[in-house]
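All residue numbers for the sequence shown refer to full-length UniProt numbering, where the first residue is 1 and numbers rise by one. The structure appears right after this line, and notes come after that.
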Amino acid sequence: MNNVKNNLQRWRSKISISDVLLILLLQFIWILPYVFIVNYLERCLLPLRIYCYTDPDLLVVRRALRSSTEDCAAYFFAHNNNKNINGLDIDNANDSGLQNSFSYCNSNKTISIILQPLRAKLDNPQLKRVIVIRTAPRALEYRDFIRASWKASVELHSNGPVIFVTGRDGTELVSENTEHGDILQMDFEDSYRNLSTKMMGIYSYFTAHANIQQIVVINDDTIVNATALQNTTTSPDDKRYLIGKVSRGYPRLVFPWLPWYVSADQYPHKCYPPFVQGSSFIISRDAALDILNRICDFPWKNVHLDDVQMGIVTNCMGISNFHREGFDVGHQLDQFTVFHYQYSRYSAGLLMEMFSRIRHLISC
């Protein structure tokens with residue numbers, strides 16, 4: 001004991017206040033350039049993100065938070081148990097297990113198909129990967145931008161079709177699909193709050209084709225580097241995975257005027273688990289099937305952020321989230337897999353102008 005005290009005293013005598021200040025400075029020196037580089041929203045979120053990084057359970061990407069999916073769902077949504085989507089009690093007090101108490105879920109319901117992608121040969125046994133573009137019916141200018149820019153190159157390098165997936169908003173798409181044959185339209189209201197419905201419809205539709213092993217999901221306001229996308233792979237030993245930009249330490253946004261706002265009643269925690277940004281990612285067939293089968297084990301109660309939903313589901317089910325540089329890049333055009341500016345929607349004209357400047361670099 002005396003030796004320990006003596007060693008501690010000697011250590012204290014060697015450490016000065018200036019040394020302590022230097023250590024603190026080195027710990028936080030990154031904050032100043034970070035504040036100047038990132039956008040206004042990220043600057044405002046910095047204190048909350050630092051707080052979220054203090055919870056190690058919500059930073060793990062390849063280990064389930066709890067030993068069972070049911071326990072994990074109960075952790076994330078404990079106060080939603082036995083509540084229906086309108087906050088009313090469900091009459092199943094004698095039932096046991098989360099599957100029964102969350103039976104109001106309709107996230108994995110079958111969605112009727114309005115239009116099929118006429119030219120996509122999805123049953124071709126050689127076809128292993130499809131590229132799905134999330135779009136709105138009225139977003140014709142973005143679809144035309146993609147058709148005129150990177151679509152052909154991506155189809156060539158990936159050896160798979162680029163298919164635009166949408167819901168309905170009153171816009172007529174029959175003539176466009178007759179001309180191009182690349183639209184899958186489903187029978188649900190297309191809106192930002194229905195992105196999760198769109199994603200479950202995508203997983204259900206494409207996993208029905210046994211040959212498809214990967215689904216690449218991309219927003220329509222993007223530029224895709226065909227060569228980089230082709231080279232994005234994972235270990236052949238991994239059967240259940242998502243690949244993309246993995247975000248950690250993200251707080252639940254409490255500002256009601258933001259589109260990403262989620263109330264404490266919808267999600268009771270201050271921080272989200274790691275999730276792959278929804279603007280561009282790759283999901284394996286096995287992961288998509290497992291998510292479809294277990295999505296109703298979670299009492300979403302109108303949580304509309306599809307990437308956060310997938311973060312919770314993959315965390316609870318032990319599905320690996322692989323981070324790859326180049327996805328959801330919004331600040332540079334020299335190195336990227338998918339260019340996408342997250343905080344505002346670039347016009348199709350601006351995206352075409354940007355693509356024209358780098359066409360020779362990414363369309364080899």
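Positions of the beta carbon are idealized from the N, C-alpha and C atoms, including for glycine.
Discussion item. Just to confirm before moving on: does the CB-CB distance between residue 245 and residue 284 stay below 8 Å?
Written reply: No; because the gap between Cβ atoms is not below 8 Å, this pair is not in contact.
Fill in: the region 224-232 touching the region 331-339, judged by at least three CB pairs closer than 8 Å
Using a C-beta cut-off of 8 Å, the region 224-232 makes contact with the region 331-339, since at least three inter-stretch Cβ pairs fall below that distance.
Practice prompt. Work out the CA separation of residue 279 and residue 323 for me, nearest whole Å.
Written response: Their Cα atoms are separated by approximately 14 Å.
Discussion item. Suppose the cutoff is 7 Å on Cβ atoms and the five residues either side in sequence are ignored; what does the same chain contact list for residue 360 look like?
Written reply: Result list for residue 360: empty, nothing under 7 Å.
Practice prompt. Compare the Cα-Cα distances from residue 58 to each of 270, 299 and 307 and report the closest residue.
Written response: Of the listed residues, the one whose Cα sits closest to residue 58 is 270.
Practice prompt. In angstroms with no decimal places, state the Cα-to-Cα distance between residue 298 and residue 139.
Written response: If I take the Cα positions, the gap works out to 32 Å.
Practice prompt. Indicate whether residue 173 and residue 183 have their beta-carbon atoms separated by less than 8 Å.
Written response: The beta carbons of residue 173 and residue 183 sit closer together than 8 Å.
Discussion item. Quick check on this structure: which residue in 165, 275, 144 and 76 has the alpha carbon closest to the alpha carbon of residue 120?
Written reply: The option with the nearest alpha carbon to residue 120 is 165.
Practice prompt. Work out the CA separation of residue 16 and residue 241 for me, nearest whole Å.
Written response: Looking at the backbone, the Cα of residue 241 and that of residue 16 are separated by about 49 Å.
Worksheet item: With a Cβ-Cβ cutoff of 8 Å, do residue 313 and residue 291 count as a contact?
Response: Closer than 8 Å, so yes.
Worksheet item: residue 244 bridges to which residues according to DSSP?
Response: Bridge partners of residue 244: 281 and 323.
Practice prompt. From the DSSP output, read off the bridge partner residues of residue 189.
Written response: Paired residues: 168.
Worksheet item: Taking one C-beta from the region 255-271 and one from the region 339-348 each time, how about it: are there three or more such pairs within less than 8 Å?
Response: Taking 8 Å as the limit for Cβ pairs, the verdict is that the region 339-348 does not touch the region 255-271.
Item to complete: Rounded to whole angstroms, what's the CA-CA distance from residue 110 to residue 189? Just pull it up for me.
Response: If I take the Cα positions, the gap works out to 14 Å.
Item to complete: Can you tell me which of 276, 137 and 309 puts its alpha carbon nearest to the alpha carbon of residue 191?
Response: If we check each option's Cα against that of residue 191, 137 comes out closest.
Worksheet entry | Ranges of the alpha helix (DSSP H) found wholly within the region 141-168, counting only runs of at least 4 | Runs of alpha helix (DSSP H) with 4 or more residues, each lying fully within the region 141-168, are found at 151-158, listed in chain order.
Worksheet item: Would the region 208-216 and the region 120-134 be scored as touching if the rule is three or more Cβ pairs under 8 Å?
Response: The region 208-216 is in contact with the region 120-134.
Worksheet item: Cα separation between residue 267 and residue 77?
Response: Cα-Cα distance, rounded: 7 Å.
Worksheet item: Excluding five sequence neighbours on each side, which residues of the same chain lie with their C-beta closer than 7 Å to the C-beta of residue 288?
Response: So the qualifying residues of the chain are 203, 207 and 215.
Item to complete: Output the distance between the C-alpha atoms of residue 255 and residue 307, rounded to the nearest integer angstrom.
Response: If you take the alpha carbons of residue 255 and residue 307, they lie about 19 Å apart.
Worksheet item: Is the Cβ-Cβ distance between residue 163 and residue 114 less than 8 Å?
Response: The answer is no: Cβ separation not under 8 Å.
Worksheet item: Any idea if residue 102 is buried or exposed, counting beta-carbon neighbours within 10 angstroms, 16 or more meaning buried?
Response: With a pLDDT of 42 at residue 102, under the threshold of 50, the modelled position of this residue cannot be trusted; read the value that follows with caution. By the neighbour-count rule (16 or more Cβ atoms within 10 Å), residue 102 is buried.
Practice prompt. Let me know the secondary structure DSSP gives residue 357 once reduced to three states.
Written response: Residue state, collapsed to three classes: helix.
Practice prompt. Tell me residue 49's beta-bridge partners as DSSP assigns them.
Written response: The secondary-structure analysis by DSSP pairs residue 49 with nothing; it has no beta-bridge partner.
Fill in: Proximity below 8 Å, CB of residue 367 to CB of residue 251
Since the first and last residues shown for the chain are 1 and 364, residue 367 lies out of range.
Practice prompt. Label residue 47 either buried or exposed according to how many other C-beta atoms from any shown protein chain fall within 10 Å of its C-beta, with 16 as the threshold for buried.
Written response: Residue 47 is exposed by the Cβ-count criterion.
Worksheet item: To which residues of the same chain is residue 355 closer than 6 Å at the C-beta, ignoring the five residues directly before and after it?
Response: Hits under 6 Å: 149 and 223.
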